[in-house]
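Written below as structure tokens is the structure these notes are about.
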Amino acid sequence: MAVLWRFLLFLSSIYVMKAAAVFLGHGNETDLAALLAFKKMIDPKSEVLSSWNGTLNLCVWEGVACSRRHPMRVVALELPAHGLAGPISPSIGNLTFLRIITLNGNNLFGEIPSTLAWLRRLRFLNLTDNLPPRHIGLSDNQLHGTIPPEIGSLPKLQALFLGNNSFTGVIPPSLGNLSFLNGLSIGLNNLEGPIPDSLGQLTNLGFLHLPVNNLTGTIPPSLFNLSSFYYISLAVNQLEGSLPDNIGNNLPILNYLLLGGNRLTGTIPASLSNISQLEMFELAMNNFSGRIPSEIGSLQALVSLDLGGNQLEASGPEDWLFLEYLTNCSSIQQLGLDSNRLGWELPAVIANLSTQLEVLALDHNYISGSIPPGIGNLVGLEALALSSNYLTGIIPQSIGKLSRLQKLYLDINNLTGPIPSSLGNLTQLNSLIVAFNNLQGPIPTTIRNLQQLTLLDLSHNKLSSSIPKETFVLSSLSQYLSLSYNLLVGSLPSEVGGLTNLRSLEVSGNRLSGEIPDTLGNCQVMEYLLMDDNNFHGNIPQTMGNMRGLQVLNLTQNNLSGLIPDALGSISGLQELYLSHNNSQGPSQKILQNLTNLLKLDLSFNHLEGEVPNEGVFKNVSALSILGNDGLCGGMLQLHLPACPTPIRSPRKKRLQRYVRIVIPITGATLFFILSLLAALLRIVEMCLVSVIKVGLLCSKQSPRERMSMRDAAKEMHTIRDAYLGVRNHERRPTQLNYVLADRDIQVAIHQCHELSNHLHVTTGTHNEILQKPLE
């Protein structure tokens, strides 16, 4: 009994933080009910607890002590050597103020209640010198430390359940001494080291549950000689080695063999076919190689077979024989063969598998050929995964018979032809992915029937025609809708605003046109909106500012124009904005200031103007692209933008610009008229006309940096005059009258500019010098 005492003292030293106790009432009502339940489990022949009745205050009951700070709450239960007989009631866990439990020296038996873990105030626990327990169940708590090897000295122990805690260290080899043990569960901990060989001595062991630890080494071969096993789970560890060839010879009643998520190698032993009662067989996520033995089809009780995530091979029809044998397994519900090296064509015999089959996973292999039309016979299917293979041909219409189907994955193949309209019959479908194929034709309107759909991916195909409005009546779409990289044309229907639950919409890489619908503003939970590489035009809708959940917006390579909406800057969660290669324009200093909180920003190749901020994303060259916007200035030096001009506070500058826009064309027209009258050669007239118009346009530029200076304008006008009059052409001398007329008109034009300058009080020395300089 000393060993048991030490083990229980170990448990009592652990602080276990369970949620709250089960309340049957408030205050002492809870404790009263718990104590009476404890008494009820004790043999009534013992009169020690006679004082435990409703006529006395529970705080004066035998062995009960209450708190001074919390009256009527039990803090101690001390009944050592009182002749108590019977099991300990689980209700003891409701005495949430208990600090001391002393029940040693009695005849208590049975399980130690796992509800002891609820007693977060417990400081001392003594249950020694009672009858040895047959069951210890402390799963699903927050126990930590190592498993004490002294447990191995409890000879009558039949079940030990310590799973889902935080135990560390190794599995004590002393557990091999528990000869009566029939159940051992210590999974979901942090145990390490090997599985002790001594466990192979437990001839009564039927239930072994050690998954999700860090166990290493090989599986002791002696374990597979225990004919008492009906359940073995060693999944998700780091176990190595191969399975013994005779593994199936000594496990006649085994129902569950779960070894997935390890590092096991070698081939799958054919002797497994001898485990005739095997229902669930899992070897997924290991490194098994070779062929799948056809003998596995002899397991007629099989319900689930998962061999995915290995290196199993099939290079010819004979390697697929196991599939034909599996047609004898009439109860099979799950068949996982994904992520292997299975090649060759998918046998038509697959259509003969049990109609009870719910999950068929053959994705991520090397399977070629077409999808057998008989696949429609598997009417029980809820999930069909054929992704990432080399399948060709069409999607058979017979898939529409799978009325219970919830998930259909056919992506990353070489499928051709249209999307069958019969998919509209799959009204239970919630995930449909046929991306990365060569599917053609329109999106079937029958898609509107898929009212359970949360995920739809038709991207990277050759789908054509317009997007049917029926696509956007699926309010169930919540994960993502991707139609990217097809040949879709037309506009984006305004019904897109009905996808109010959708988090990601992708229509990139099509030939869509028209304006972006205002109704997108209704999609307030949308996080990703990708519309790049299309032909959308018009303004970016202001309503996009209502998309409060938006994180990434990509409108690159369209024909969008106008100003970038200020409202985009008010989307607090927006992280990435891509607007490059559009025609966005206008002064944008305020807009740029609103975008400083972004993590990535691409505004390159637009017609933006204004000063670039020096904060936020504009300080991160690697996250920013603003190339191809000649009107931008300022910003940090690494952007290599010109300095911004000193602003003129008076509005006269704008009036001057407007006036010049009027004067220069008039003056140019006048000169053209005079030149046209006097010109003798049409070629000279055309040359002069073009030159004059160029001067007029350059003087009318919006940007000061691009506008021609008055000095250059006067110089250019003189050059035009000289070219026309032939000053430098000695073969043709102008008459004095022509020279005087032309000179006078230029003087008039310059005089008008001079008058305008005086009118607006633009009297800098440079301007006066230009305007008053006499003509040569």
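When you line the sequence shown up against mature numbering (1 follows the signal peptide of the UniProt record, and there is no 0), it's residues -21 to -1, 1 to 755, in that order.
Quick reminder that beta carbons are idealized off the backbone N, C-alpha and C, glycines included.
C-alpha distance - residue i paired with residue j, whole-angstrom precision
| i | j | result |
| --- | --- | --- |
| Val475 | Thr498 | 7 Å |
| Ile30 | Leu56 | Reading off the sequence, residue 30 comes out as Ser, not Ile. Straight-line Cα distance between these residues: approximately 14 Å. |
| Val452 | Leu478 | 7 Å |
| Leu481 | Ile329 | 36 Å |
| Leu321 | Glu594 | 55 Å |
| Thr81 | Leu154 | 27 Å |
| Leu603 | Asn241 | 45 Å |
| Pro23 | Leu11 | 18 Å |
| Gly517 | Ile495 | 8 Å |
| Asn85 | Leu77 | 20 Å |
| Ile550 | Leu580 | 14 Å |
| Asn192 | Ala263 | 17 Å |
| Ile446 | Ile426 | 11 Å |
| Asn501 | Asn417 | 33 Å |
| Ser25 | Val43 | 17 Å |
| residue 759 | Gly72 | Only positions -21 to 755 of the chain appear in the structure, and residue 759 is not among them; the question remains open. |
| Asn608 | Ser400 | 48 Å |
| Leu381 | Pro375 | 12 Å |
| Ser333 | Leu384 | 15 Å |
| Leu529 | Asn561 | 21 Å |
| Asn216 | Ala13 | 41 Å |
| Leu408 | Ser273 | 33 Å |
| Leu411 | Ile174 | 43 Å |
| Gly744 | Met696 | Residue confidence for Gly744 is low, a pLDDT of 39 falling below 50, so the modelled location carries little weight; the figure read from the coordinates is stated next. Their Cα atoms are separated by approximately 21 Å. |
| Val706 | Leu558 | Bear in mind that a pLDDT of 44 at Val706, under 50, signals an unreliable position, so the model cannot answer this. |
| Thr147 | Leu136 | 22 Å |
| Ser70 | His123 | 24 Å |
| Asp512 | Ser443 | 16 Å |
Reduced DSSP category for residue i - H, G, I as helix; E, B as strand; rest coil
| i | result |
| --- | --- |
| Lys24 | coil |
| Cys308 | coil |
| Asn562 | strand |
| Val39 | helix |
| His619 | coil |
| Met259 | strand |
| Val614 | Per the sequence shown, residue 614 should be read as Gly rather than Val. Coil at Gly614, not helix or strand. |
| Leu193 | Position check: residue 193 holds Asn in this sequence, whereas Leu was assumed. Residue state, collapsed to three classes: strand. |
| Asp298 | helix |
| Asn83 | coil |
| Ile426 | helix |
| Lys441 | strand |
| Lys609 | The residue you asked about is not Lys; residue 609 is Asp in the sequence shown. Three-state result, Asp609: coil. |
| Gln290 | strand |
| Phe597 | helix |
| Ser145 | strand |
| residue 757 | In the structure as shown, the chain begins at -21 and stops at 755. Residue 757 is therefore absent and cannot be evaluated. |
| Glu361 | coil |
| Leu213 | coil |
| Phe88 | strand |
| Gly353 | helix |
Best match in the options for proximity to residue i [C-alpha to C-alpha]
| i | options | result |
| --- | --- | --- |
| Ile398 | Ile422, Pro272, Ser382 and Leu389 | Ile422 |
| Asn331 | Gly315, Ser347, Ser382 and Val358 | Val358 |
| Gly295 | Leu325, His188, Met696 and Ser283 | Leu325 |
| residue 767 | Gln431, Ser438 and Ser470 | For the chain, the structure presents residues -21 to 755; residue 767 sits outside this window and is missing. |
| Ser601 | Gln617, Ser438, Leu587 and Arg99 | Gln617 |
| Pro166 | Asp390, Ile150 and Leu178 | One detail in the question is off: residue 166 reads as Gly in this sequence, not Pro. When each option's Cα is compared against that of Gly166, the closest is Ile150. |
| Leu553 | Gln503, Gly565, Leu587 and Ser559 | Gln503 |
| Thr395 | Thr371, Ser410, Leu402 and Leu389 | Thr371 |
| Ser118 | Lys135, Thr94 and Arg102 | Thr94 |
| Asp298 | Ser438, Phe515 and Arg270 | Arg270 |
| Asn102 | Thr75, Leu389 and Ile126 | At residue 102 the sequence reads Arg, which differs from the Asn that was named. Considering only alpha carbons, the answer is Thr75. |
| Lys441 | Thr450, Ser455 and Leu466 | Leu466 |
8 Å contact criterion, which residue i and residue j should meet: CB distance rounded
| i | j | result |
| --- | --- | --- |
| Leu251 | Ile275 | 6 Å |
| Thr197 | Gly220 | 4 Å |
| Phe267 | Leu237 | Incorrect: roughly 14 Å between the Cβ atoms, too far for contact. |
Are the region 122 to 130 and the region 98 to 108 in contact at 8 Å, needing three or more beta carbon pairs?
-> Taking a cut-off of 8 Å on C-beta distances, the region 122 to 130 does not touch the region 98 to 108, as fewer than three cross pairs fall below it.
Say whether the region 522 to 539 touches the region 495 to 509, bearing in mind that this needs 3 or more beta-carbon pairs closer than 8 Å, one atom from each stretch. Touching, yes, given that three or more Cβ pairs across the two stretches are closer than 8 Å.
* Asked: Three or more C-beta pairs closer than 8 Å, one from the region 138 to 158 and one from the region 202 to 210: is that the case here?
  -> In short, these stretches do not touch, since the Cβ pair count stays below three.
| query | Does the region 62 to 75 come close enough to the region 30 to 50 that 3 or more CB-CB pairs lie under 8 Å? | reply | In this structure the region 30 to 50 does not lie against the region 62 to 75, because fewer than three pairs of beta carbons, one per stretch, are closer than 8 Å.
Under 8 Å, with one C-beta from each stretch per pair, do the region 349 to 356 and the region 300 to 310 reach the 3-pair mark? The region 349 to 356 makes no contact with the region 300 to 310; the number of CB pairs closer than 8 Å stays below 3.
Is the region 177 to 190 touching the region 222 to 230, taking contact as three or more C-beta pairs under 8 Å?
-> The region 177 to 190 is not in contact with the region 222 to 230.
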